[in-house]
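Enquirer:
2 protein chains.
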Amino acid sequence: MKSHPITIKDIARVLGISPSTVSRALKDHPDISPKTKQLVQTFAEKVNYRPNALALSLRSSKTNTIGIVIPEIVHHFFSTVISGIEDIAYSKGYNAIICQTNENYQREVIDLQALIDNRVDGILVSMSKNTHEFSHFQNVRDNGIPIVFFDRICEAISTDRVIADDFEGARIATKHLISKGCKKIMHLSAPQHLLIGKNRKEGYCSALKEHQLQCNDQLVVKCDTRESVFAKEDEIISLASDIDGIFAVNDSTAIAAMQVLQRNGYNVPKDIAVVGFGDGPIADIAYPPLTTVEQKGYVIGQAAMNLLIGHIEETAIESEFETKIFTPELVERTSSQLGKTI
Amino acid sequence: MKSHPITIKDIARVLGISPSTVSRALKDHPDISPKTKQLVQTFAEKVNYRPNALALSLRSSKTNTIGIVIPEIVHHFFSTVISGIEDIAYSKGYNAIICQTNENYQREVIDLQALIDNRVDGILVSMSKNTHEFSHFQNVRDNGIPIVFFDRICEAISTDRVIADDFEGARIATKHLISKGCKKIMHLSAPQHLLIGKNRKEGYCSALKEHQLQCNDQLVVKCDTRESVFAKEDEIISLASDIDGIFAVNDSTAIAAMQVLQRNGYNVPKDIAVVGFGDGPIADIAYPPLTTVEQKGYVIGQAAMNLLIGHIEETAIESEFETKIFTPELVERTSSQLGKTI
DNA sequence: CCTTTCTTTGCAATCGTTTTCGATAGATTA
DNA sequence: TAATCTATCGAAAACGATTGCAAAGAAAGG
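Line by line, the protein sequences give chains G and S.
No gaps in the numbering here: position 212 of the first sequence is 212 in the working numbering, and each next residue is one more.
Count along the second sequence starting at 1, add 342, and that's the number in the working numbering.
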């Protein structure tokens, strides 16, 4: 029952007038007489006429559609960003096509080409980890399509960017521990060849130095997953009696550390205060509830979409690009209240 | 620098032949001489010609695009479903437009109309909680667009559906507790006017009766959030000495219950075994790790998309609809090992 | 050498809409 | 009465691609 939707031609035929008149009548063109307008508009209403967006797009080369390319959807930060993008898109009348690369470079290339082929008005990208060649991004620009990177940006392409400030987030987290009275703070770190690992560790060190505390590599333990914490349980516990605070590179690591401490007789936060780095909604579930810095995925998505719209609708200057940096925000809960018993 | 992409007409003009010949040459039509084909194809390759998907869609009334309408993106289950949808879509050459209603009926109506206007080939919907009028779904069908519901289905529209079996999931969870030796099992339940609340409680009761245990409303406590567990701490603890198992309607409730038990001197799972119902990745983070039943969002998304493609490509029979039911799977962890000390 | 057949190509219509440029009235003005 | 103006509408091209049909030329058969 492939029913064919009503077109302007259909209306014209039934009403015995030309398609051009119908078109003009529907959009209140001054050339059309009030009688004809009335006739056309009420009839269109009656048959529930809806313009064919494809035809409009083809003619105007404007699709009111944008593309989103991300490594994975099932990731709290990314889905939060998408949500922010989608809400702005909706409010401005854009549709969003979503493409997930699964960290696959080839798929990223194909996804971008598909978006170009569909003539999207703009593209939002968070790069795959395995992308080391950038001509597919340049290809987008060469097709005259604005592109905005978020979170996993591409340095090689000069365009708008929106990122979270990992350095500052880590600094805020560490300074918070210091303000709670911590003097010797351990850092559970991610690999230093990853940007987040490097930046968060440097933020941690920066805060320590700012307060005349030494940034000692002996207090930096390389573990950034729940499993790796358990694997390094002995190392962590051997240091535990010497420390009064832990800053972990992410929340699940922080929570695992708390659990390791607890089952070895330490009290969190009485003996040791703990702060994480927000990567999901799990901080609330932890016991004690975890103090953490939260990456503002929703506003990052909104900002990226707004920047993109600026270039699509040319309210922004063509060749002037901007990098927006969002600093994570401290969410203080129980785990960092050094000295307090829970 | 709104650069205009190369079209078939451009190629025709440069090569001094007609657009029709170019079109046929590009798709190896037998009518075209080998020489011409070679000429056109190498030239198209050289200038990186790409067909305009809009023009193709307009002509063929096939967009190779589907729409996804969901209440919210930032929800582990939904983002997992989207991921499953997107992976199938990608493998079959479809693009996915994503629309988030934020549980808003009006927005659902507008989103669906926008998808119709854009002539998507099919639509996947999980209804908003506030939708009690269904003519916008019927409108989709009237436009000849296949629609598949998942999770939050609409009974009023006869079409394909994909759902998770809450009743059976709850039954499996409860039977697991019984198999671990539990005799008196508490249920933390969601409101009974919600389908998941009703179905999961009934599954719980069914398992009890199957094993000649009584399904006693005294052991059913109405709380389905972390906060409500803490609010009912006294009630739960007053019953705790009398029970040896808890089945909670979701994971965060289960985890909160474990924490309440622990700080009141109970050992989980030694004294009381606990099982949750999967709504995210938090079960792994809990202490002890939470046994739960996991809703298979990814395969639900895949199944929904496959059903939709069946109707789009008419490999499925037009008027015969199917309801696929996926039973959650028990993921056994530590929290349910009654009698064991951790 | 003429007719037939086959190969290869182009014309034009189509998808649904917008928009430029006229065109045809009737009304107004000189 | 003739000329100009205004109001209202339609024809046709355009967006980029596909495709049925016609036509031109070449090859083949008689």
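By construction, the Cβ of each residue, glycine as well, lies at the ideal position given by its N, Cα and C atoms.
1) When you compare the region 158 to 178 of chain G with the region 199 to 219 of chain G, are there three or more beta-carbon pairs, one atom per stretch, that lie closer than 8 Å?
2) Measuring straight from C-alpha to C-alpha, what distance separates residue 167 of chain G and residue 245 of chain G?
3) Report the rounded CA-to-CA distance for residue 343 of chain S versus residue 231 of chain G, giving the unit in angstroms.
4) Give, in chain order, every residue of the region 95 to 129 of chain G whose Cβ lies closer than 9 Å to some Cβ of chain S.
5) Of the residues that make up the region 280 to 295 of chain G, which ones have a beta carbon closer than 8 Å to any beta carbon in chain S?
6) Using a Cβ cut-off of 7 Å (strictly closer), state whether residue 86 of chain G contacts chain S.
7) Using the beta-carbon count (16 or more within 10 Å), is residue 401 of chain S buried or exposed?
8) Would you mind telling me which residues of chain S sit closer than 8 Å to residue 50 of chain G, beta carbon to beta carbon, in chain order?
9) Hey, does residue 397 of chain S have any beta-carbon neighbour from chain G nearer than 7 Å?
10) Using a Cβ-Cβ distance cut-off of 7 Å, determine whether residue 219 of chain G contacts chain S.
11) For the region 636 to 655 of chain S and the region 410 to 422 of chain S, state whether three or more C-beta atom pairs, one from each stretch, are separated by less than 8 Å.
12) Take the Cβ of residue 129 of chain G as the centre, count every other Cβ of all protein chains shown within 10 Å, and call the residue buried at 16 or more, exposed below.
13) Compare the C-beta of residue 40 of chain G against all C-beta atoms of chain S and say whether one is closer than 7 Å.
14) For the beta strand (DSSP E) that residue 122 of chain G lies in, which residues bound it at each end?
15) Helix, strand or coil for residue 572 of chain S? Go by DSSP, reduced to three states.
16) Under the three-state reduction of DSSP, which class applies to residue 530 of chain S: helix, strand or coil?
17) Only counting runs of 3 or more residues, tell me where the beta strand (DSSP E) segments fall wholly within the region 539 to 609 of chain S, in order along the chain.
18) Taking the beta carbon of residue 221 of chain G as the centre, do at least 16 other beta carbons fall within 10 Å, making it buried, or is it exposed?
19) Name the one or two DSSP bridge partners that residue 95 of chain G has.
20) Going by Cα to Cα distance, which pick from S:591, S:520, S:403 is closest to residue 486 of chain S?
21) Could you please give the first and the last residue of the uninterrupted beta strand (DSSP E) stretch that includes residue 156 of chain G?
22) Is residue 119 of chain G near the ligand ADP, in the sense that its beta carbon is under 6 Å from a heavy atom of that ligand?
23) Could you have a look at residue 537 of chain S and say whether DSSP puts it in helix, strand or coil?
24) Measuring only the C-alpha atoms, how far is residue 356 of chain S from residue 386 of chain S?
25) Return the chain-ordered list of same chain residues with a C-beta closer than 7 Å to the C-beta of residue 164 of chain G, the five sequence neighbours on each side being excluded.
26) Does residue 542 of chain S pass the burial test, meaning 16 or more other C-beta atoms within 10 Å, or should it be called exposed?
27) Inspect the CB distances between the region 314 to 323 of chain G and the region 88 to 101 of chain G and report whether three or more fall short of 8 Å.
28) Sort S:576, S:539, S:648 by Cα distance to residue 434 of chain S and report the nearest one.
29) Just to confirm my understanding: we take residue 131 of chain G, look at its own chain, exclude 5 residues before and 5 after, and list those with CB closer than 7 Å. What are they?
30) Can you tell which of G:236, G:227, G:273, G:179 has its C-alpha closest to the C-alpha of residue 211 of chain G?
31) Considering only residues of the same chain and omitting the five flanking positions on each side of residue 28 of chain G, which have a CB-CB separation below 8 Å?
32) Would you call the region 576 to 595 of chain S in contact with the region 610 to 618 of chain S, where contact means no fewer than 3 C-beta pairs closer than 8 Å?
33) Is DSSP giving residue 343 of chain S helix, strand or coil here?
34) Of all Cβ atoms in chain G, is any one closer than 7 Å to the Cβ of residue 650 of chain S?
35) Starting from the C-beta of residue 286 of chain G, find all residues in its chain whose C-beta is less than 6 Å away, skip the five residues before and the five after it, and write them out in chain order.
36) Relative to the C-alpha of residue 678 of chain S, which candidate in S:425, S:625, S:664 has its C-alpha closest?
Expert: Let me lay it out:
1) A contact exists between the region 158 to 178 of chain G and the region 199 to 219 of chain G.
2) Here the alpha carbon of residue 167 of chain G sits roughly 19 Å from the alpha carbon of residue 245 of chain G.
3) Residue placement at residue 343 of chain S is flagged as unreliable, the pLDDT there being 47, under the threshold of 50; the coordinate-derived value follows with that caveat. Spanning the two alpha carbons is a distance of roughly 55 Å.
4) Legend: CB atoms of the region 95 to 129 of chain G lying less than 9 Å from CB atoms of chain S belong to residues 95, 96, 97, 98, 99, 100, 102, 107, 110, 111, 113, 114, 115, 116, 117, 118, 119.
5) Only 280, 281, 282, 284, 285, 286, 287 from the region 280 to 295 of chain G bring a Cβ to less than 8 Å from some Cβ of chain S.
6) Yes, residue 86 of chain G lies at the interface with chain S (some Cβ there is under 7 Å from its Cβ).
7) Its Cβ having fewer than 16 others within 10 Å, residue 401 of chain S is exposed.
8) Contact annotation for residue 50 of chain G against chain S: 455, 458, 459 [CB-CB distance below 8 Å, chain order].
9) True, the Cβ-Cβ gap to chain G drops below 7 Å.
10) It does not; no Cβ of chain S falls within 7 Å.
11) Remark: three or more beta-carbon pairs, one from each stretch, lie closer than 8 Å, so the region 636 to 655 of chain S and the region 410 to 422 of chain S are flagged as touching.
12) The residue is exposed, with fewer than 16 neighbouring Cβ atoms inside 10 Å.
13) Nearest CB-CB separation between residue 40 of chain G and chain S: not below the 7 Å threshold.
14) Taken as a continuous stretch (DSSP letters only), the beta strand (DSSP E) holding residue 122 of chain G covers 122 to 125.
15) For residue 572 of chain S, the secondary structure class from DSSP, reduced to helix, strand or coil, is helix.
16) Judged by DSSP in its simplified three-state form, residue 530 of chain S adopts strand.
17) Listed in chain order, they are 562 to 564, 587 to 590.
18) It counts as buried.
19) Paired residues: G:65.
20) Nearest to residue 486 of chain S by alpha-carbon distance, out of S:591, S:520, S:403, is S:403.
21) It is not in any beta strand (DSSP E) - residue 156 of chain G carries neither H nor E in the DSSP assignment.
22) With respect to the ligand ADP, the structure offers nothing, as it holds no ligand at all.
23) Correct three-state label for residue 537 of chain S: helix.
24) Distance between the alpha carbons of residue 356 of chain S and residue 386 of chain S is about 11 Å.
25) Residues of the same chain with a CB within less than 7 Å of the CB of residue 164 of chain G, apart from the 5 flanking positions on each side, are 151, 295, 300, 326, 328 in chain order.
26) Residue 542 of chain S should be labelled buried.
27) The region 314 to 323 of chain G vs the region 88 to 101 of chain G: no contact.
28) Checking every option, the nearest Cα to that of residue 434 of chain S belongs to S:648.
29) If we look at residue 131 of chain G and ignore the five residues flanking it on each side, its Cβ neighbours are 105, 108.
30) The residue with the shortest Cα to Cα distance from residue 211 of chain G is G:179.
31) 37.
32) Under the Cβ criterion (8 Å, minimum of three pairs), the region 576 to 595 of chain S counts as touching the region 610 to 618 of chain S.
33) Confidence at residue 343 of chain S is low in this model, with a pLDDT of 47, below 50, so its placement is unreliable and the value that follows should be read with caution. Note: residue 343 of chain S maps to coil in three-state DSSP.
34) At least 7 Å separates the CB of residue 650 of chain S from every CB of chain G.
35) Once the five neighbours on either side are set aside, the close Cβ partners of residue 286 of chain G are 255.
36) Minimum Cα-Cα distance from residue 678 of chain S among the listed residues S:425, S:625, S:664 corresponds to S:625.
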